[in-house]
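In our numbering, the protein residues as written are 8 to 596.
We put the beta carbon where it would ideally sit given N, CA and C, even for glycine.
The model shown is predicted, which means the values in this text are computed figures rather than measured ones.
Here is the structure we will look at.
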Amino acid sequence: MNLKSLLFRAVVLSTLVGSASWASEVVELSPVEHVQLRSDGLPIVTLSPDILYRILVGEVAVQQGDYDTASQTFLSLARDTADPRLAQRAFQFSMADQNLGRGLQSAQAWSNLAPNDPEAKATALALEASTGNTSGLAQTLYHRIDAAQDKEQAILQAMTIISKMVDIRLALDVLENALPPDVRHLVISHLALSDVAWMARRPDRALTEARLALVQDPSSELAMQRVLEYGLALDQDAVLAQATLFVEANPDLRDFALLLVNRLVDLQYYDQALEQIEQMQQRHPEDFDLQFTQAEINIRAQRYDVAIALLNDYIQVQSQRRQSLSDDRTLALSSISDARLSLVQIAEKQNNLHEAIRQIDLIEEPALLFQVKVHRAVLEARLGDLPKANRTLDSLGVLERRDQAVVDLTRAAIYRESGRSDEAIAVLERADKELPDTPEIKYDLAMLYTAQGRYEATVPLLRQVIELQPGNANAYNALGYTFVDQNIHLDEAQGLLEQALELEPNNPYILDSVGWYLYRIGDYQAALEYLLRSYELLPDGEVAAHLGEVLWMKGRQAEAIQIWQDAWQADKPNYALERAMQRFGVAPE
């Protein structure tokens, strides 16, 4: 962001500390209690050069991901200007920085400056409770619920407050102590306790409370949803049986019936899922969307011939609706497009790319035309016809910046997959000049440079991606791994990988990079733990190469060889795996 845009942003942000009337009413900024208020309760503050500068400092810190400086700056501004909006921003950035102490100070300042704002009060109470002082919050909520005429609404408000607590394990104690005896039996109380118990990682308690809610109201869809969602991991067969009986007793609750179908599909219980759909079709023969759902389940079950027949029937029905004079014509066109996209998916799974292209060409929905043309080009390239793929992309014409970036990235990917890396690089180098603030282009270009060993070009590009997207875990990981793989700048690599891991703690690529870093610094046991986690999530050749090397260095050569050979069979050829095996004298089998 250049200085001009920063100054413009600062002028816009000046509305935080006043309105168009601020200049005519000059007051002292300190002490806060002397600040005059507007009719809406916000302070009238002189937008001095000092305040403008500090706002600018805070905003620049936010842009750079420096939430520590941002939260300090906005809290200081809030205290000097008595503006609750600045205190709220200080609270938000304190939480982003995971600074509970400053978050509590900011929340208290926000609450004091906006005494009539229920969100401010709730936030302050919740933060205070998260420090371990739960009695004050529980007592306050107890009295609110006890005095409320609308008990259900009061419990919902209490849930809103409790949900802001940082330590959700304490929230369950707070809620239990906040519920007066005369509301403890209400369905809403059991549902609230169920939700908080689930968030506190107490699935047994969550299921118990959900079932108690269902006892109070056997037709409660909300209660049965929780029984299903919270109980599957604990008592799968019993919960599925209970959910099936619930659907039979409440046949009009379509959303829950579809939820049950989705969970059955997730568990790969395809026949049971189809049985539920057939029962729904018998009850609602006019519900044509059930036929589409039936086809999707058959796709998941890899029963492609059945799915194709169902989708073609569905398209025929929707085409008839489209030709009618009803108001459903637009919806029918969208439904036909969805069905054709499913037929494209099936054709690709069957490696029938010509049929996939034929189905793409039949899609008429205007909102999808850009997407499907780009996909057509990818399929043409997979068929080996790169000139035709390029012509398809060129036919899209002059595009907006975002769409142009998609086209450039697609064209480069087509060249890369065809083994023409130099041409892919040329495409992205040109694109990077034309669209210099597009992190996706910079990232893909950096990966191409890395594949060619051009690390001197990779590093600055990845730094630019991080600057443009401070929350991009892949960029931190790629730069950190680049250093680790070359065994250089390991201190910086550690910081980069820690940031990546904080953003995406279960990303197998990041776990692999962290494991490889730990191997580089000689911590073989910790490296093994991370690499085993990575390999469990992503059993590919490169992770296997790293895991095998660590096992070898720990004296577990037989295990290393077994992992390498298994990975070679599943992921050959793989350069990293082949290189690791050659280095230790192991021949691929």
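What does a CB cutoff of less than 6 angstroms around residue i pick up in its chain, not counting 5 residues either side in sequence?
| i | result |
| --- | --- |
| LEU84 | ARG61 and LEU93 |
| VAL67 | none |
| ILE421 | ALA388 and ALA396 |
| ALA567 | GLY555, LEU558 and TRP559 |
| ILE169 | ALA178, VAL181 and LEU182 |
| ALA127 | TRP117, SER118 and ALA121 |
Counting C-beta neighbours from all protein chains within 10 Å, is the total for residue i 16 or more, i.e. buried, or is it exposed?
| i | result |
| --- | --- |
| GLY592 | exposed |
| GLN146 | exposed |
| ASN484 | buried |
| ASP444 | exposed |
| LEU486 | buried |
| PRO38 | Note on PRO38: pLDDT 37, under 50, position unreliable in the model; the coordinate value appears next. PRO38 should be labelled exposed. |
| TYR582 | exposed |
| LYS579 | exposed |
| GLY426 | exposed |
| VAL405 | exposed |
| PRO56 | exposed |
| LYS440 | exposed |
| ASP273 | exposed |
| PRO394 | exposed |
| LYS356 | exposed |
| VAL69 | buried |
| LEU14 | Model confidence at LEU14 stands at a pLDDT of 34, short of 50, so the residue's coordinates are unreliable; what they give is reported in the following sentence. By the neighbour-count rule (16 or more Cβ atoms within 10 Å), LEU14 is not buried but exposed. |
| VAL222 | exposed |
| ALA280 | buried |
| SER78 | buried |
State the Cα-Cα distance for the pair residue i and residue j, rounded to the nearest angstrom.
| i | j | result |
| --- | --- | --- |
| GLN243 | ALA114 | 42 angstroms |
| LEU163 | ALA199 | 8 angstroms |
| HIS41 | LEU177 | The predicted model places HIS41 with a pLDDT of 47, which falls under 50 and marks its position as unreliable, so this point remains unresolved. |
| LEU631 | ARG461 | Examination of residue 631 is not possible in this model, given that the chain is present from 8 through 596 alone. |
| GLU447 | VAL381 | 17 angstroms |
| PRO225 | VAL194 | 10 angstroms |
| GLU430 | GLN309 | 37 angstroms |
| HIS553 | TYR531 | 11 angstroms |
| GLY548 | GLN572 | 10 angstroms |
| ALA248 | ALA240 | 14 angstroms |
| SER342 | ASN358 | 24 angstroms |
| ARG290 | ASN481 | 48 angstroms |
| TRP117 | GLU407 | 42 angstroms |
| THR251 | ARG540 | 36 angstroms |
| ALA534 | ALA256 | 54 angstroms |
| GLU463 | GLU436 | 15 angstroms |
| ARG86 | THR76 | 16 angstroms |
| ARG191 | SER326 | 54 angstroms |
| GLN105 | ALA374 | 41 angstroms |
| GLU536 | ALA230 | 40 angstroms |
With a threshold of 7 angstroms on Cβ separation, who are the neighbours of residue i within its own chain once the five nearest residues in sequence on each side are excluded?
| i | result |
| --- | --- |
| ALA602 | Here the chain covers residues 8 to 596 and nothing more, so residue 602 does not appear. |
| GLU216 | HIS197, LEU200, SER201 and ALA204 |
| ARG383 | ILE364, ILE367 and THR399 |
| ASP157 | none |
Less than 9 angstroms between the beta carbons of residue i and residue j, yes or no?
| i | j | result |
| --- | --- | --- |
| VAL544 | PRO515 | In the sequence as displayed, the identity of residue 544 is Leu instead of Val. Going by C-beta atoms, LEU544 is nearer than 9 angstroms to PRO515. |
| GLY522 | VAL557 | yes |
| ARG527 | ASN494 | yes |
| GLN283 | VAL254 | yes |
| LEU179 | ALA207 | yes |
| ASP519 | LEU538 | yes |
| LEU144 | VAL181 | yes |
| PHE81 | ALA103 | no |
| LEU584 | ALA551 | yes |
| ALA574 | GLY555 | yes |
| GLU285 | ASP262 | no |
| ALA412 | ALA438 | yes |
| LEU455 | ILE432 | yes |
| ALA185 | ALA154 | no |
| LEU120 | ASP90 | yes |
| VAL434 | ALA453 | no |
| ALA161 | ILE175 | no |
| HIS361 | LEU317 | no |
| GLN298 | VAL324 | yes |
| SER331 | GLU372 | no |
Enumerate in chain order the residues of its own chain whose CB-to-CB distance from residue i is below 8 angstroms, with the five nearest sequence positions on each side excluded.
| i | result |
| --- | --- |
| ARG209 | LEU179 |
| LEU403 | PHE377, LYS380, VAL381, ASP410 and VAL414 |
| PHE490 | HIS496, LEU497, GLU499, ALA500 and LEU503 |
| ALA594 | MET588 |
| GLU159 | LEU193 and ILE195 |
| LEU442 | ARG408, GLN411, ALA412, ASP415 and ILE448 |
Distance cutoff 9 angstroms, beta carbons only. Does residue i sit that close to anything in chain C?
| i | result |
| --- | --- |
| MET454 | Chain labels in this structure do not include chain C; a single protein chain is all it has. |
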